[in-house]
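Heads up: the structure comes next, in structure tokens.
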Amino acid sequence: MSANANAPLLDVRDVSKAFGTVEVLRAVSLEVKRGEVVSVIGPSGSGKTTLLRCVNFLESYDSGSIRIDGKEVGYREAGARQRRSERDLAAMRAETGMVFQSFNLFPHLTAAGNIMLGLRKVRGKSEAEARKIAEHWLGRVGLAHKADSLPAELSGGQQQRVGIARAVAMEPKILLLDEITSALDPELVGEVLEVVRSLAEDGMTMLMVTHEMAFARDASSRIVFMADGSVSAAGPPAEILGTEIDNERLRNFLARFRASHF
Amino acid sequence: MLGQILYALPFLAQGFALTLWVSLLVVVLSLIAGVLMGVGLIYGPAPLRWAVRIFSDTIRGIPILVLIFFVYYGLPAVGVHLQSFWAAVLALTLFKTAQVVEYLRGAVASIPKGQSEAAMAIGLTFRQRLAYVIFPQAFRRFLPPWINGVTDAVKGSALVSLLGITDLMQAINQVIGRTYEAMPLYILGALVYFAVNYALSLASRRLERRFSFIRE
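Chains as they are written, first to last, in my numbering: chain A, -6 to 255; chain B, 732 to 947.
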């Protein structure tokens, strides 16, 4: 069931979630169209990472709906909030790629092995095929020569590039990036963002949580500003990061951000 | 003296074979049961977790000797009659299983949560996550205490002699009963137990080194 081309690839509608009494998401709605790059910005604790984790159901949500390509993510259709089976969930997650702040490479596998695991076990590729794809993507992220290195032998920037290669090699419909440069030394941020930029140029659909305002401005089709668990403002970068902003919260956030970065 | 001991060697060897057989059964059965129950404890629904927790805490709180007597002399009261051999194997297995559960829990708990999440994110199912991501990493932490436990099992198997089973310990006692050569025979017994356990710890060290490339 392929939805029509104009329908959003990712359709988040009225998603709410509470941890105990703390409401982390309040009726969040958000759309990402095919080929779009959407950045989510906002102060810490605003729910951006939780939202991202709901999209591939690493986190469940209490109400609302999240659809990818027209298909409900974590719960079965027909209204009832019944979790999908383990097998179903795994299959859904294979359609989304995720890159983590802390890389989360598998330390017992080489760079190529990290990429090959999903290709072999989820996509059912042969060893040789998987290896070829892994080498292709390692080449794309500039690490062809590191295929047989273990994560512990790689720098943070290199590890994160393997993390990106591991996610995109599965040919996901959408790539989720969760503050992927936050754990990196400043001098290693550029090499990772460069990879993301080149993926965006190839038309990869992406939803990213980021604190890199300059990058968000340059690479995004749209920017979503979250505060206190809800979408406070959304629009093209020029509008959201521009100089004339009505939204007081956004203005304060950007002012604080600029103050701490210059 | 030497002649008498040499004469008894085949009998002692039989006892030794039984010791190894009991140990092997206990180690294999407890590994299977312990891993299954450990997975239940870590990932299972609440009632299963409680059941395993109660099992493990209870068993580990009972001296192994009490457990052996309980299974052999106690269970018949509720209609369960086991041959002394199987009663001993069951009691030792229960004891080891509780330990394996704890080793596994500790080893898996040491793997960062991000590993599971990364494995989920690429679409691996629960079993695949355990098989390809969690267990291979947990194995290195599981191994040292487990091998220790195996050597304990070999040593602990000497307790089955108390049910009249002719293992190495019982064979030695019987030969001493005939020859009154306690000292040389106990030294022989000690050497045999030591040799087995020393071989095990050497193997363990080699295995650990084999897996030491996994750095966090």
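Don't be surprised by glycine CBs; every beta carbon is placed ideally from N, CA and C. Because the structure is a prediction, the values reported are computed rather than measured.
Taking only beta-carbon positions, decide if residue i is within less than 8 Å of chain A.
i                 : result
Arg940 of chain B : no
Leu873 of chain B : Residue identity differs from the one stated: residue 873 of chain B is Phe in this sequence, not Leu. It does not; no Cβ of chain A falls within 8 Å.
Gly765 of chain B : no
Val864 of chain B : yes
Leu777 of chain B : According to the sequence as given, residue 777 of chain B is Ala; it is not Leu. No, its Cβ sits nowhere closer than 8 Å to a Cβ of chain A.
Ala849 of chain B : yes
Thr856 of chain B : yes
Ala926 of chain B : no
Gly771 of chain B : no
Pro867 of chain B : yes
Gly845 of chain B : yes
Gln859 of chain B : yes
Ala785 of chain B : The sequence shown places Ile at residue 785 of chain B, not Ala. No, no contact with chain A.
Ile795 of chain B : no
Ala852 of chain B : yes
Is there a C-beta anywhere in chain B that falls below 8 Å from the one on residue i?
i                  : result
Met91 of chain A   : yes
Ala123 of chain A  : no
Glu79 of chain A   : yes
Phe12 of chain A   : no
Ala87 of chain A   : yes
Arg159 of chain A  : yes
Lys114 of chain A  : yes
Leu247 of chain A  : no
Arg251 of chain A  : no
Ala176 of chain A  : no
Met163 of chain A  : yes
Ala84 of chain A   : yes
His129 of chain A  : no
Ser95 of chain A   : yes
Met(-6) of chain A : With a pLDDT of 46 at Met(-6) of chain A, under the threshold of 50, the modelled position of that residue is not reliable, and the figure given next carries that caveat. It does not: the Cβ of Met(-6) of chain A has no partner Cβ on chain B nearer than 8 Å.
Leu51 of chain A   : yes
Mapping the DSSP letters down to three states, classify residue i as helix, strand or coil.
i                 : result
Gly771 of chain B : helix
Leu855 of chain B : coil
Glu180 of chain A : helix
Leu813 of chain B : coil
Arg27 of chain A  : coil
Asp221 of chain A : coil
Ser22 of chain A  : strand
Glu172 of chain A : coil
Met199 of chain A : strand
Tyr54 of chain A  : coil
Ser37 of chain A  : coil
Arg215 of chain A : strand
Glu848 of chain B : helix
Val17 of chain A  : strand
Phe237 of chain A : In the sequence on display, residue 237 of chain A carries Glu and not Phe. Of the three classes helix, strand and coil, the one that applies to Glu237 of chain A here is coil, per DSSP.
Val842 of chain B : First, the amino acid is wrong: residue 842 of chain B is Ile here, not Val. In this structure, Ile842 of chain B counts as coil in the three-state DSSP scheme.
Asp883 of chain B : helix
Val5 of chain A   : strand
Ile59 of chain A  : strand
Ile793 of chain B : coil
Gly67 of chain A  : coil
Ser253 of chain A : helix
Arg210 of chain A : helix
Arg190 of chain A : helix
Thr750 of chain B : helix
Ala777 of chain B : helix
Arg74 of chain A  : coil
Gly258 of chain A : Residue 258 of chain A lies beyond the stretch modelled for chain A, which goes from -6 to 255, so this question has no answer here.
Short check: CB of residue i to CB of residue j, under 8 Å?
i                 : j                 : result
Leu147 of chain A : Ala193 of chain A : no
Tyr99 of chain A  : Leu110 of chain A : Correcting the residue identity first, residue 99 of chain A is Phe in this sequence and not Tyr. Cβ atoms of Phe99 of chain A and Leu110 of chain A: closer than 8 Å.
Leu169 of chain A : Met91 of chain A  : yes
Tyr917 of chain B : Ile903 of chain B : yes
Ile61 of chain A  : Leu3 of chain A   : yes
Thr277 of chain A : Glu172 of chain A : A question about residue 277 of chain A goes unanswered here, because the residues of chain A that appear run from -6 up to 255.
Gln901 of chain B : Ser892 of chain B : yes
Glu184 of chain A : Arg215 of chain A : no
Asn240 of chain A : Ser225 of chain A : yes
Ala782 of chain B : Val802 of chain B : no
Gly57 of chain A  : Ala220 of chain A : no
Ser223 of chain A : Arg6 of chain A   : no
Asn928 of chain B : Thr882 of chain B : yes
For the putative contact between residue i and residue j, defined by C-beta atoms under 8 Å, what is the C-beta separation to the nearest angstrom?
i                 : j                 : result
Glu205 of chain A : Thr174 of chain A : 6 Å
Arg872 of chain B : Ser841 of chain B : 5 Å
Val758 of chain B : Ala926 of chain B : Val758 of chain B to Ala926 of chain B, Cβ: 17 Å. No contact.
Val31 of chain A  : Ser213 of chain A : 6 Å
Glu765 of chain B : Thr828 of chain B : Inspection of the sequence shows that residue 765 of chain B is occupied by Gly rather than by Glu. So it is a contact: roughly 5 Å between Cβ atoms.
Val115 of chain A : Val188 of chain A : About 22 Å separates the two Cβ atoms, so there is no contact after all.
Ranges of the beta strand (DSSP E) found wholly within the region 86 to 165 of chain A, counting only runs of at least 3: 89 to 92, all fully within the region 86 to 165 of chain A.
Whole alpha helix (DSSP H) elements within the region 897 to 944 of chain B, 4-residue minimum: Here the runs fully enclosed are 899 to 910 and 913 to 941.
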